[in-house]
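Take a look at the structure set out below.
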Amino acid sequence: MATVDDLKFHEFDDAANLLAANPDAVTISIDEPAEKPKTKHGHLQDSGREEDDELLGTDDSDKTELLAGQKKSAPFWTFEYYQTFFDVDTYQVLDRIKGSVFPVPGKNFVRLYIRSNPDLYGPFWICATLVFAIAISGNLSKFFIHLGKPDFHYVPEFRKVSIAATAIYAYAWLVPLALWGFLMWRNSKVVNIVSYSFLEIVCVYGYSLFIYIPTAILWIIPQKALRWVLVVFALCLSGSVLVMTFWPAVRDDNRRIAVATIVTVVLLNALLAVGCLAYFFDAPELDSNEGTVTKIYISSSVGYCFIGAFPY
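Plus 6 on top of the position in the sequence shown (first one is 1) and you've got the working numbering.
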């Protein structure tokens, strides 16, 4: 009985004889896996699919979205539930700030930076820093404008801190709340609308306000034209982040409703920036002598009217 080694030896002899008879013949080894090229081709297809998923944000972002949804399992009345909203490191916060200052066209800010781990740490401290930057810069601007005048007595206006805090935190929380409710309502009407959580919308609005911090510091320069150039530049950067984030959420809706939503988002952002510039930096101020003359004139007019009401 022939063994396996004998069969292999006979096959080797036959192949050697054929190769000697025809040196140009092509030999094929049956030990090589026949599906190796297919595996290579499949690898290329997988890599191409991964690139498409990365650009579209449909593979890894969906996995991170599920992980993000499973992470907050503690009850909402416990401290651990709210602790997860501040569980970010310095590199994540800096990366999100960089993404808000240098927005990439065609990239979704939520999918790239927020959805894996939405936080309240960055938005809270950005708003707090912006409040003090606007209030302090507004007081310094007033001081530098009137510096050198003999009748000027500088009095710091601490009420500007409370006014700036009310305006900025109301914008950073109430506007996202209204937008989240609107998107949820439209999501019940239109199936294909992209939905964002309330925390994600707060993150977008909070990080989009970072550009106004250096802008408010530069508003100290007493040049009205330069201030308006700076506010327009900051509006373009902050507004582009909001538009590129929320346009995919409403573009499948009715065209008029989608455009009106984006226009409202941009107008509210512009209203905050222009309102802060006009109130804290460009507010008209009456001179002390003019104010005294105006008060005397009003008092005299009221006195004449009072006397004229009672004839002699």
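Glycine included, each C-beta is placed from N, C-alpha and C at the ideal position.
Item                                                                                                                                 : Value
Segment contact, 8 angstroms Cβ cut-off, at least three pairs: the stretch 227-237 with the stretch 254-271                          : no
Endpoints, alpha helix (DSSP H) assigned at residue 113                                                                              : First-last for residue 113: undefined, no H or E at that position.
Cβ neighbours of residue 213 in the same chain (closer than 7 angstroms, five flanking residues each side left out)                  : 102, 103, 106, 128, 129, 132
Span of the alpha helix (DSSP H), counted from its first residue to its last, around residue 239                                     : 230-256
Sequence-distant residues of the same chain with beta carbon closer than 8 angstroms to residue 63, five excluded per side           : Since pLDDT at residue 63 reaches only 44, below the 50 mark, its modelled position is unreliable, and no value is offered.
DSSP-derived helix/strand/coil call for residue 124                                                                                  : coil
Outcome for residue 182 when other beta-carbon atoms lying within 10 angstroms are tallied against a minimum of 16                   : buried
Given residue 136 as reference, the closest of 121, 159, 172 once Cα atoms are compared                                              : 172
Of the listed residues 95, 86, 142, nearest to residue 282 (C-alpha basis)                                                           : 142
Opening and closing residue of the alpha helix (DSSP H) in which residue 186 lies                                                    : 165-195
Residue 273 classed as buried or exposed, judged by whether at least 16 other C-beta atoms fall within 10 angstroms                  : exposed
Integer-rounded CB distance, given that residue 184 should sit under 8 angstroms from residue 218                                    : Actually they are not in contact, since the Cβ atoms of residue 218 and residue 184 sit about 21 angstroms apart, beyond 8 angstroms.
Neighbourhood of residue 244 by C-beta distance below 8 angstroms, restricted to the same chain and skipping five residues each side : 106, 214, 215, 217, 218, 275, 279
Residue 158 versus residue 149: straight-line alpha-carbon distance, rounded                                                         : 9 angstroms
Presumed contact (8 angstroms Cβ cut-off) between residue 247 and residue 210, rounded CB distance                                   : 7 angstroms
Under the three-state DSSP convention, the category residue 223 falls into                                                           : helix
Whether residue 140 touches residue 170 by CB criterion (8 angstroms)                                                                : yes
Local Cβ density within 10 Å of residue 176, reported as buried at 16 or more and exposed below that                                 : exposed
Of the listed residues 259, 284, 277, 251, nearest to residue 120 (C-alpha basis)                                                    : 251
Cβ distance (whole Å) where residue 168 is taken to contact residue 225 below 8 angstroms                                            : So it is not a contact: roughly 19 angstroms between Cβ atoms.
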